[in-house]
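Worksheet: one structure, shown below.
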Amino acid sequence: LRRYDIWIRSGFPPSESLEVSDSDTGRDRELPDQNFTNTLDAIARQELQQFCGQQLIACLDLGIEQGLTDRITKLQHSRSYARFASKVISGLELIYCHGKSQAEIASILGMTNQSQVSRVLNPKDLLNRVRFWTIDKLFHIISHAAHQFNLANMSRDPDYFRNLMEHLEAFVDAEVFQEAAAEIMTGKNRSTNSLYTQRLCRYLETLKQENHD
């Protein structure tokens, strides 16, 4: 619970789990804490996994919306980069949905150079913000549905919140953010196959259509 409170106060999630992957499959769908899983019967554990999967897209979409809002708001309050806040949507669309390099984006959007594009768009920071909000929203949904998975009694355990948060981190990283983080490292030849990129581009397209209406 203390760790979760720190998240809320600081506004920044831990990001080390993005580097963890299964050596054979590259994915890790299992609950990370064995003591946590042993307290759940097999049916409840399976139902919890399925429930997380059912809620993931909705939470990711909300995480993208909130993460992007955070990014734009931060720029709007920046003395040096406030004038570029209105170009974030177009820039992210170019880099994620059209595979443009940051050098190309600088030319298209009238920025000075690639470094300026990187500081304005900051895909790594955006990804961390989206991850934070995705886990936050999934945590609240599961907390409110605790009775469905026999978690109500477990919530009295001092390690309950830590174990639940670790489970959610491992789950969303395996399903979304490990692949998304790897994409960022590929540079210009960015893949558009990750779930994160697909949902981000979908949201950016929705924003563009709304602005045209």
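With the sequence shown counted from 1, adding 51 to any position gets you this note's numbering. Each residue gets a CB set at the ideal place from its N, CA and C atoms; glycine is no exception.
- Between Thr237 and Tyr147, the C-beta gap is not smaller than 8 Å, which leaves the two residues out of contact.
- Leu143 and Gln229 have their alpha carbons spaced roughly 19 Å apart.
- Counting along the chain, the unbroken alpha helix (DSSP H) around Phe212 starts and ends at Tyr211 to Val223.
- Taking the Cα of Tyr254 as reference, the smallest distance to any Cα among Ala136, Asn164, Glu116 and Gln165 is reached at Glu116.
- Burial state of Ala232 is buried, judged by a 10 Å Cβ sphere holding 16 or more other Cβ atoms.
- DSSP, reduced to helix, strand and coil, places Ala232 within a helical segment of the structure shown.
- A straight line joining the alpha-carbon of Gln260 with that of Tyr211 spans about 43 Å.
- Put simply, the stretch 145-162 does not touch the stretch 215-222. Fewer than three CB pairs are less than 8 Å apart.
- Between Gln153 and Ser169, the C-beta gap is smaller than 8 Å, which places the two residues in contact.
- Annotation for Arg250: Ile108, Leu111, Asp112 and Ile115 place their beta carbon closer than 8 Å to its own, counting only its chain and skipping 5 residues before and after.
- By the 16-neighbour rule on beta-carbons within 10 angstroms, Arg182 is buried.
- Residue state for Asn262 is assigned as helix, using DSSP reduced to three classes.
- Distances from the CA of Ser131 to each of Met162, Phe190, Ile193 and Thr120 were compared; the closest alpha carbon is that of Met162.
- Where Ser141 is concerned, the enclosing alpha helix (DSSP H) starts and stops at Val139 to Leu143.
- One Cα belongs to Arg134, the other to Thr124, and the distance between them is close to 12 Å.
- A distance below 8 Å between beta-carbons, with the five flanking residues on each side excluded, links Asn173 to the following residues of its chain, in chain order: Arg122.
- Leaving aside the five residues that flank Lys138 on each side, the residues in its chain whose CB is nearer than 6 Å to its CB run, in chain order, Leu160.
- A residue is called buried when at least 16 other Cβ atoms come within 10 angstroms of its Cβ; Thr185 meets this threshold and is buried.
- A buried status is given to Ser245, since no fewer than 16 other beta-carbon atoms sit within 10 Å of its beta-carbon.
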